[in-house]
Every structure is written in structure tokens, then in C-alpha cells.
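Notes follow once the structure below has been shown.
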Amino acid sequence: MQNKKNPGKRRRLAGETTEFLLISLAVAVFTCFFLRYTSASIAETYLAEIGVELTPVRERVLEIWLGSICAVASGAVFLVLFLFMLGQRMAYLLKIIRGVDSLKENRMDARIPVEGNDELTELAERINRLAASEQELAGQEKRLAKERESWVRALSHDIRTPLTSLISYTQLMAAKQELDQTEMGSYIQLVEAKSEQIRELTDRLLGRGSRNLEPVEHFFLFMEQLAAEWEEMLEEHFSCRADLSGLSDFSGMADICSLRRIFDNLASNGEKYADPEYPVELFICGGRSGEKLSVTICQKNRIRTEQSGPEGKRPEHVPESFGIGLESIRRIAADYNGTAEIRQEDGEFEIRIALEIPECL
Numbered sequence: 049m050q051n052k053k054n055p056g057k058r059r060r061l062a063g064e065t066t067e068f069l070l071i072s073l074a075v076a077v078f079t080c081f082f083l084r085y086t087s088a089s090i091a092e093t094y095l096a097e098i099g100v101e102l103t104p105v106r107e108r109v110l111e112i113w114l115g116s117i118c119a120v121a122s123g124a125v126f127l128v129l130f131l132f133m134l135g136q137r138m139a140y141l142l143k144i145i146r147g148v149d150s151l152k153e154n155r156m157d158a159r160i161p162v163e164g165n166d167e168l169t170e171l172a173e174r175i176n177r178l179a180a181s182e183q184e185l186a187g188q189e190k191r192l193a194k195e196r197e198s199w200v201r202a203l204s205h206d207i208r209t210p211l212t213s214l215i216s217y218t219q220l221m222a223a224k225q226e227l228d229q230t231e232m233g234s235y236i237q238l239v240e241a242k243s244e245q246i247r248e249l250t251d252r253l254l255g256r257g258s259r260n261l262e263p264v265e266h267f268f269l270f271m272e273q274l275a276a277e278w279e280e281m282l283e284e285h286f287s288c289r290a291d292l293s294g295l296s297d298f299s300g301m302a303d304i305c306s307l308r309r310i311f312d313n314l315a316s317n318g319e320k321y322a323d324p325e326y327p328v329e330l331f332i333c334g335g336r337s338g339e340k341l342s343v344t345i346c347q348k349n350r351i352r353t354e355q356s357g358p359e360g361k362r363p364e365h366v367p368e369s370f371g372i373g374l375e376s377i378r379r380i381a382a383d384y385n386g387t388a389e390i391r392q393e394d395g396e397f398e399i400r401i402a403l404e405i406p407e408c409l
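All residue numbers for the sequence shown refer to the numbering used here, where the first residue is 49 and numbers rise by one.
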């Protein structure tokens, strides 16, 4: 049972041992005198009943004999009582040793019972605190490792999307026999943008980059550009529609790379899991609401079934299909104090991303 006394008034083990010694000595002395007078009284009564009268010498021998027996008995009482009380604390020391072994075997999950109010009690309490700290530290390390792994997996996934687009653009340029200056400039601009995006993501993956907020003077034009890139990635296989009618123009701070990652992941998920028989729709709205600037991005599409898509493209369980990319979107939305909500009903998929846009400095 845990001791509730104030740790500031903790008893010392040496004092507690001295107390055991004094108690045992007091009980032994009492036992000695009690046995001495009791035995003497019994002996006198017995001798009087049988009519035996002892000489002074024999009385002296009897007294010595009774005193010796009482001294031995009281000594035995002293030794047994002292060893018993001291043994209780020594047994607790063995319990602490076994508790330390249990902590080692159970990886700091066990705890040592707290008993008494001396240095052994303090030792048990400190070992328990150390075990709790080690357990908490191990849990934090495990969580950090898991978050790091998830972060690396998300960035690796996000690098694949612009890389796939980059390969598609270069293959398209190589397949065309002739390209006019306008087309050439457009393709080069797209390739340059995707290459820069890959470079930024690689820097972040290697720990050399971080979130970089830049002023965006015209958010409508910026969102329009990202929506156009989203449409370009999907238009070859899907009927796409982007609606920005609910978005007003304003200026704010944004991490361009992270917002581009949102649209890349939306396009990537649409390309993998949307039904090509139905349109993929993108809605962007937002503006100033009170003292806050916000943007809401919503993508809707029908979910591809085994009958509507190529064999092997549709996983068995739809919720497992939308994984790394959408988790990456959630992380980015959290950086903007926003949310990413997913709805799947009757074969329809919808993701709604709400972002708070910081004011320009």
C-alpha cells in the first residue's frame, strides 16, 4: 500500500533500524523480568506444597538457574523480534530488486509497490518515476518515428506526381513532329514548373527545405493557374470541369509548393480512382470573411468500379484506395489551420479542403 506521509518528513533507514533494536531490547527486558518473577513465584509455591525447604546455597543455585533460563529466553525473544522487523525491510529490498528485473523484462511497463517511509521507499518511488519517464520517452520516440515515416512516405508520393507529369510532357513533345513557338514555350514552362516543384520537394525530403510563405497578389489568378494544371493532368482520360465562380480575388501569403501539391494529389487520386464515364469536377470558392481570408477547394467524382475501369485498377476496398495522397493533403491543410473532409456515398467521392490564408505582411 502506498504511503501517504509527507516525503519531506521521511524517516532514515538507520534510525528505523535503531528503533527496531530498542523495541526488541525493551520487549526482551520485559520478558526477562516477567519470566524471572513468574518462575520464582511458581518455584516457591511448588516447593511449599511438597514441603521442601531449601538451604541458602540451594536457593542461590535455583535463582542462578532460573535467571539463566529467563536470560536465554529473553535473548531469543530479542533476536527473533529484531530479525523479524528488520527482515520486513530486507524483504522489501528484495522486492525492489525483483521489481527492477521486471522493469527490464517488461520494458518499463511494470511498477514497484511503494511501502514504508524510509530510503527504500524513496528508492522505489524514484525507480518508478524513472520507469515512467523512460516509458514516456519511448512512446514519444515511437510516435516521432511513425510521423517521420509518414511524412517521408507522403513527400515521396508527392514527388511521383510532378515526375509523372514531367515524363508525360517530354514524351508528348517527343511524339509531335512539329511544334510551333507557342507550344514549345508552353511545354518548356510546364516542364520548368514541374522540375522546380520536384527540386523543392526533394529538398524538403532531405531536410534542406521548409515551409516557405510567399506573397500572392492575385489569389484568383493563382488558383486559376493551379486549376488549369489540374485539368491538364486529367483531360486526356476524363471530362473535367473547374468552377471558380465562388472565388473572389484577394492578396495573401501562401506556400506555392504545398498548394501545388494539393492539386497534384487531387489529380493523381482522380486519375487512379475516378470513373472515366463521369466528369471530374473541381470547385474553388472563398475570399474575405470578416477578418479572415479563406479558400475552399472541393473535388467530386464517381468512384471507379471493376466494370468501369481497366482490370487491376480498382482495389477491393475503396477506403484503402485513398491513402497517402489524401493524408498528405490533410497535413498541408493543417499547416493552414484548415481541414480536409472526405465523403463517400453511393459510389461518389468528394473531398472538401478548407484553408485559412494568412494576410500579406
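Even glycine gets a Cβ: it sits at the ideal position worked out from N, Cα and C. Because the structure is a prediction, the values reported are computed rather than measured.
- Query: Excluding sequence positions up to five away, which residues of its chain have a Cβ less than 6 angstroms from the Cβ of Ser122?
  - Reply: Closer than 6 angstroms at the Cβ level, and outside the excluded window around Ser122, lie Ala76, Thr79, Cys80.
- Grouping DSSP H, G and I as helix and E and B as strand, with all else coil, what is Val343? strand
- Output the boundary residues of the alpha helix (DSSP H) element that contains Glu276. Note on residue identity: the sequence assigns Ala, not Glu, to residue 276. Note, Ala276: alpha helix (DSSP H), 267-282.
- Item | With 16 other Cβ atoms within 10 Å as the buried cut-off, status of Trp113 | exposed
- Message: For Phe68, tell me which candidate among Arg84, Gly135, Glu170 has the shortest Cα-Cα distance.
- Response: Gly135
- Message: Assuming Val264 is part of the beta strand (DSSP E), what are its boundary residues?
- Response: Counting along the chain, the beta strand (DSSP E) containing Val264 begins and ends at 262-264.
- Could you round the C-beta distance between Met281 and Ser376 to whole angstroms and report it? I think they count as a contact, below 8 angstroms. At roughly 16 angstroms, the Cβ-Cβ gap does not stay under 8 angstroms, so Met281 and Ser376 are not in contact.
- Item | Residue environment, Phe132, which counts as buried when at least 16 other CB atoms sit within 10 Å | Phe132 comes out exposed.
- Item | Range of the contiguous beta strand (DSSP E) that encloses Val328 | 328-337
- Taking just the CA atoms, how far does Glu163 sit from Thr169? 6 angstroms
- Same chain, Cβ closer than 6 angstroms to Cys333, neighbours up to 5 away in sequence not counted: Closer than 6 angstroms at Cβ, skipping near neighbours: Gly294, Leu295, Thr344.
- Query: Is the Cβ of Phe268 closer than 8 angstroms to any Cβ of chain D?
  - Reply: Among the protein chains of the structure shown there is no chain D, as only one such chain exists.
- Task: Note down the Cα distance separating Val239 from Arg177, rounded to an integer number of angstroms.
- Result: 57 angstroms
- Item | Proximity below 8 angstroms, CB of Cys408 to CB of Ser299 | yes
- Item | Pairwise C-alpha distance: Thr66 and Phe130 | 10 angstroms
- Query: How should Pro210 be labelled, buried or exposed, when 16 other C-beta atoms within 10 angstroms of its C-beta is the threshold for buried?
  - Reply: Looking at its Cβ environment, which holds 16 or more other Cβ atoms inside 10 Å, Pro210 is buried.
- Beta carbon of Ile390 nearer than 8 angstroms to that of Gln347: Cβ atoms of Ile390 and Gln347: not closer than 8 angstroms.
- Grouping DSSP H, G and I as helix and E and B as strand, with all else coil, what is Ile160? Assignment of Ile160 by DSSP, reduced to helix, strand and coil, places it in the coil class.
- Query: Would the stretch 309-318 and the stretch 261-281 be scored as touching if the rule is three or more Cβ pairs under 8 angstroms?
  - Reply: yes
- Query: At what residues does the alpha helix (DSSP H) containing Asp312 begin and finish?
  - Reply: 304-321
- Of the residues Met232, Arg159, Leu307, the one placed nearest Tyr384, counting alpha carbons only: Leu307
- If you run the structure through DSSP and keep just helix, strand and coil, what is Asp149? helix
- Put Glu364 into one of helix, strand or coil per three-state DSSP. Its pLDDT being 41, under 50, Glu364 is placed unreliably by the model, and the measurement read from it follows with that caveat. Reduced to three states, the DSSP call for Glu364 is coil.
- Please list, in chain order, all residues of the same chain as Ile138 whose beta carbon is under 6 angstroms from its beta carbon, the five residues on each side excluded. The displayed chain sequence assigns Met, not Ile, to residue 138. Counting only Cβ-Cβ distances below 6 angstroms, and skipping sequence neighbours, we find nothing.
- Task: Classify Arg391 as helix, strand or coil using the three-state DSSP reduction.
- Result: strand
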